[in-house]
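Residue 99 is where the sequence shown ends in UniProt numbering, and the numbering goes up by one at each step.
Even for Gly, the Cβ is constructed at its ideal location relative to N, Cα and C.
Keep in mind the model is a prediction, meaning the values are calculated, not measured.
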Amino acid sequence: MARTERLRPVKSPNVIDAYFEAVEELAQLLPRRDIQLIVDILYEAWQRGRTVFTMGNGGSASTASHLACDLAKCTMVPGRQRLKALALVDNVPLVSAWT
């Protein structure tokens, strides 16, 4: 059974309310332990001055690019090191060399 098949039917006739109901229900299904592990890995990378690399294929490439951008810009604090993040898909010569 697909994960979304476990969702209960939406009760609200309003499309906006229905959307938020679905988001709330899906948020409850997120694996918190896995999310915490990702947070810990990113935090350790930041502490050690490492670079986080993201990648994806097709539509996931744009998600990887967006994530790298958000990680790099949203961790900028004056006087502190930032989290270095780079999307491998943003380097067209490199991507074309691999394909």
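What's the gap between the Cα of E25 and the Cα of A97? 43 Å
Three-state class that DSSP yields for V77 in the structure shown: coil
Residues in the same chain with beta-carbon distance under 8 Å from M1, minus the five sequence neighbours each way, listed in chain order, please. At M1, the pLDDT of 46 sits below 50, so the modelled position is not reliable; the number obtained from the coordinates is stated separately. No residues qualify anywhere along the chain.
From the DSSP secondary-structure annotation, give me the bridge partner or partners of L54. The sequence as given places Thr at residue 54; Leu does not occur at that position. Answer by DSSP bridge pairing, in chain order: A87.
Using the rule of at least 16 other Cβ atoms within 10 Å of the residue's Cβ for burial, across every protein chain shown, is V89 buried or exposed? By the neighbour-count rule (16 or more Cβ atoms within 10 Å), V89 is buried.
Assuming A45 contacts L83 under a Cβ cut-off of 8 Å, what Cβ separation, rounded to an integer in Å, is found between them? 7 Å
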